[in-house]
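I have placed the structure first, in the form of C-alpha cells, so that the comments after it can refer back to it.
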Amino acid sequence: MSKLTVEALEQHHETNTRTRRLSVFNKDGSDSTGLNVTGPNLRRLSRPDHRLSVQYGYTGRRPSQVSRTSISGSVGPKHIGIPIKLQNTYRLEPLPKEKFDPSKVNTIMYNVLESYLDGEKYDPKMCSNLAQNLTDVIKNRVKELGYVRYKLVCNVIIGENSAQGMRVASRCLWDDSTDSYAQASYSKGQIYAVATVYATYFD
1 MSKLTVEALE QHHETNTRTR RLSVFNKDGS DSTGLNVTGP NLRRLSRPDH RLSVQYGYTG
61 RRPSQVSRTS ISGSVGPKHI GIPIKLQNTY RLEPLPKEKF DPSKVNTIMY NVLESYLDGE
121 KYDPKMCSNL AQNLTDVIKN RVKELGYVRY KLVCNVIIGE NSAQGMRVAS RCLWDDSTDS
181 YAQASYSKGQ IYAVATVYAT YFD
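Here's what the structure looks like:
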C-alpha cells in the first residue's frame, strides 16, 4: 500500500487533469462560436444527421407509393342507344289486321296445355308451379303473333279431375270493339286445366 505523500498527491492531480475532457464553453458562458448558451438559451447542440436526404422533385411532395393504372384506351367506345321517338298516330283503335283474334289464341293455348299436361298426375305443389309456368309460356306464344298495342293478361287454373262439376266465369269493363279474350280447356286422366287470355288495346 502506497504512502500518502506530497509527491503522490501531485502526481494524482496531474493525471486527472490530463484525462479530463476539455469543455467547449468559455468562462463567460459562451461557446467557441460566440453564442451565449447559458440560462434559458442553453440548448442541446444539434448533431449532424448522417442519414441521406431525399428530395422529391421541385414541389417537395413525396411521390405516391401506389401505382396508378392509366384508364385511357382501356375501355372501348360506349354505344349509348338513343331512344327512338315515334310520331303519334292519333289512332284510337287498331287496324282490322291488327285486331286480337281469339280463334288463333285458342289453338295456341290448347296445344300448350296438351303438351305440358299429357300424362301428368295431379299433385298440389307441382300443379301450383306448373300453372305459373304455363301462364308465361302461353303469354309468350301469343306475343309472337305480333299484336300491336295490346296488353295481355293470362290466367291458368289446374285442378284434380274427380268427376265434379266446375264453372269458370269472368267479367271485364272494356271496349267491345277493340278488346277481347280467348279461353281453352283441357281434361285428361286425373288432371284438368282452364286457360284464359285477356287482351286490352291501348293507344
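So for the sequence shown, the UniProt record's numbering puts the first residue at 1; every next one is plus one. For each residue, glycine too, the CB sits at the ideal point set by N, CA and C.
Scanning its chain for C-beta atoms nearer than 7 Å, with the 5 sequence neighbours on each side dropped, one finds around Val142 the residues Val105, Ile108, Leu152, Val197, in chain order. In the three-state scheme derived from DSSP, where H, G and I count as helix and E and B as strand, Thr200 is classed as strand.
Take the alpha-carbon of Ala169 and the one of Lys121: they are about 25 Å apart. Residue state for Ala169 is assigned as coil, using DSSP reduced to three classes.
No Cβ-Cβ contact shorter than 8 Å links Arg149 with Pro96. The three-state reading of DSSP puts Val105 in helix, counting H, G and I together. In the DSSP annotation of this structure, Val153 is not part of any alpha helix (DSSP H); the continuous beta strand (DSSP E) holding it starts and ends at 150-160.
Between Tyr186 and Tyr110, the gap from beta carbon to beta carbon is short of 8 Å. Taking a C-beta distance under 8 Å as the contact criterion, Leu117 and Ala193 qualify as a contact pair. In terms of Cβ geometry, Gln190 and Asn161 form a close pair [threshold 8 Å].
According to the DSSP assignment, Gln164 belongs to no beta strand (DSSP E), since it is labelled neither H nor E. Measuring C-alpha to C-alpha distances from Ser128 to each of Gly119, Pro102, Leu145, Ile157 identifies Ile157 as the nearest.
Comparing C-alpha distances from Glu144 to each of Phe100, Ala195, Ile82, Glu114 shows the shortest one belongs to Phe100. The beta carbon of Phe202 sits closer than 7 Å to those of Arg149, Lys151, all from its chain and outside the five residues before and after it, given in chain order.
Nearest neighbour of Val112 by Cα position, chosen from Asn140, Tyr90, Gly81, turns out to be Asn140.
Residue pairing for Lys188: DSSP places it in a beta bridge opposite Ile191. Within the model, the alpha-carbon separation for Gly159 versus Asp175 is close to 32 Å.
In the three-state reduction of the DSSP assignment, Tyr116 falls in the helix class, which pools H, G and I. Between the alpha carbons of Pro102 and Ile138 lies a distance of about 13 Å. Each residue's CA atom was taken as its position, placing Asn133 and Asp179 some 25 Å apart. Around the beta-carbon of Ala163, fewer than 16 other beta-carbon atoms lie within 10 Å, marking it exposed.
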